[in-house]
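Numbering (our numbering), first residue to last: 26 to 408.
Backbone N, C-alpha and C define an ideal beta-carbon position, used for all residues, glycine too.
Being a predicted model, the structure only gives us computed values, none of them experimental.
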């Protein structure tokens with residue numbers, strides 16, 4: 026589904042000309058689950074997009090059509106409540122947060138679709154949230170800056186959808202820059218751009234095409250477990266506010282106050298923050314070997330300490346790491362399915378996809394999907 030088709034569908038349905046928003050997905054090179062612990066992340070916007078065609082309707086109605094799903098909703102703009110269609114709640118929650126933020130809005134029409142896969146860990150939900158808020162900001166001349174849009178989109182997912190995500194996804198979608206990764210400090214929200222220098226390697230995402238039902242509930246559980254760890258540590262380190270404030274020496278010193286589960290969750294986050302900083306240094310110095318080792322270390326941490334991987338994802342990473350032309354591979358996203366991120370020598374991408382497909386299909390009996398992605402600019406209005 027491309028932008029022309031989305032715009033055409035809008036005109037067909039609503040008989041008026043819309044504005045068109047392009048909201049990209051995102052990857053995260055390293056720094057998984059650290060954002061809601063006020064840690065470090067290294068995301069980038071990618072050339073897989075959601076397109077939202079939008080226009081006011083002067084009817085005090087919200088009318089939305091999801092092209093890829095062939096589903097629609099129509100509700101009163103004065104009574105925003107949760108919808109049985111899960112996809113709709115990302116949009117309704119975003120509208121709700123705009124209202125709570127003091128903005129005066131009326132009804133609107135929206136048609137959306139694109140080539141950003143849903144449920145693959147590429148932040149399709151955040152793209153929809155940011156896309157709607159960004160578009161309404163333009164339609165209603167609200168003058169909301171990009172950082173505040175990211176915060177409102179995060180609140181929509183936290184408060185309305187019920188997923189206690191951090192701000193990384195929304196931030197990357199709003200602030201992406203072509204051929205650059207974003208070094209983001211999720212505590213201060215200070216960020217800087219760093220050129221993506223791995224020019225000999227393609228970023229190949231492998232979609233396991235599985236999404237286990239416990240993904241959302243376990244995501245929230247992990248956040249709660251990290252909060253529990255902070256509460257335990259605050260008895261002995263009263264100045265800390267999050268795991269970001271805790272060193273490896275400190276967590277090891279107070280290990281005997283934790284049960285093994287909470288300890289492993291906290292240890293993973295603290296080690297992952299260190300890996301992000303080491304990755305940034307390795308990227309700057311073109312230290313390919315270190316980059317590969319850090320990606321695999323992150324996956325092992327997600328598998329064994331944070332326990333958010335699954336057999337399908339583990340198989341994909343295992344096979345990739347046995348290929349000498351793959352620099353590194355790891356699970357990406359919330360977990361329990363979705364995609365792996367792989368850095369593959371450019372002249373070996375076809376061999377990589379063929380090999381992965383053969384092995385994965387023979388052992389899992391599911392056909393994987395492949396996305397050869399590029400780092401691109403963030404959200405924008407397109408003509």
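Alpha-carbon spacing of residue i relative to residue j, whole angstroms
{"i": "residue 56", "j": "residue 157", "result": "27 angstroms"}
{"i": "residue 272", "j": "residue 295", "result": "7 angstroms"}
{"i": "residue 88", "j": "residue 205", "result": "36 angstroms"}
{"i": "residue 353", "j": "residue 301", "result": "14 angstroms"}
{"i": "residue 395", "j": "residue 142", "result": "11 angstroms"}
{"i": "residue 242", "j": "residue 149", "result": "18 angstroms"}
{"i": "residue 189", "j": "residue 179", "result": "9 angstroms"}
{"i": "residue 35", "j": "residue 219", "result": "38 angstroms"}
{"i": "residue 155", "j": "residue 331", "result": "28 angstroms"}
{"i": "residue 355", "j": "residue 348", "result": "14 angstroms"}
{"i": "residue 361", "j": "residue 233", "result": "10 angstroms"}
9 angstroms Cβ cutoff met for residue i and residue j
{"i": "residue 26", "j": "residue 160", "result": "no"}
{"i": "residue 53", "j": "residue 267", "result": "no"}
{"i": "residue 345", "j": "residue 365", "result": "yes"}
{"i": "residue 94", "j": "residue 112", "result": "yes"}
{"i": "residue 110", "j": "residue 221", "result": "no"}
{"i": "residue 403", "j": "residue 368", "result": "no"}
{"i": "residue 209", "j": "residue 308", "result": "no"}
{"i": "residue 175", "j": "residue 363", "result": "no"}
{"i": "residue 75", "j": "residue 137", "result": "yes"}
{"i": "residue 287", "j": "residue 250", "result": "yes"}
{"i": "residue 405", "j": "residue 104", "result": "no"}
{"i": "residue 181", "j": "residue 122", "result": "yes"}
{"i": "residue 290", "j": "residue 254", "result": "yes"}
Cβ-based neighbour list, residue i, same chain, cut-off 6 angstroms, excluding 5 preceding and 5 following
{"i": "residue 389", "result": "337"}
{"i": "residue 134", "result": "39, 80, 82 and 88"}
{"i": "residue 298", "result": "59, 64 and 65"}
Three-way DSSP call (helix, strand, coil) for residue i in this model
{"i": "residue 145", "result": "coil"}
{"i": "residue 159", "result": "helix"}
{"i": "residue 254", "result": "helix"}
{"i": "residue 76", "result": "strand"}
{"i": "residue 62", "result": "helix"}
{"i": "residue 412", "result": "The structure shown has nothing for residue 412, since the chain only spans 26 to 408."}
{"i": "residue 401", "result": "coil"}
{"i": "residue 264", "result": "coil"}
{"i": "residue 317", "result": "helix"}
{"i": "residue 233", "result": "strand"}
Cβ-heavy atom distance, residue i to the ligand MN, below 8 angstroms
{"i": "residue 359", "result": "Questions concerning the ligand MN fall outside what the structure shown contains, since it holds no ligand whatsoever."}
Own chain, CB closer than 7 angstroms to residue i, minus 5 neighbours either side, in chain order
{"i": "residue 194", "result": "51, 148 and 151"}
{"i": "residue 373", "result": "350"}
Return the chain-ordered ranges of every alpha helix (DSSP H) run that is complete within the segment 165-224 and spans a minimum of 4 residues.
-> Whole alpha helix (DSSP H) segments, 4+ residues: 171-180 and 193-200.
Go through the segment 86-136 residue by residue and report every complete run of the alpha helix (DSSP H) that reaches 4 residues or more, in order.
-> 111-125, all fully within the segment 86-136.
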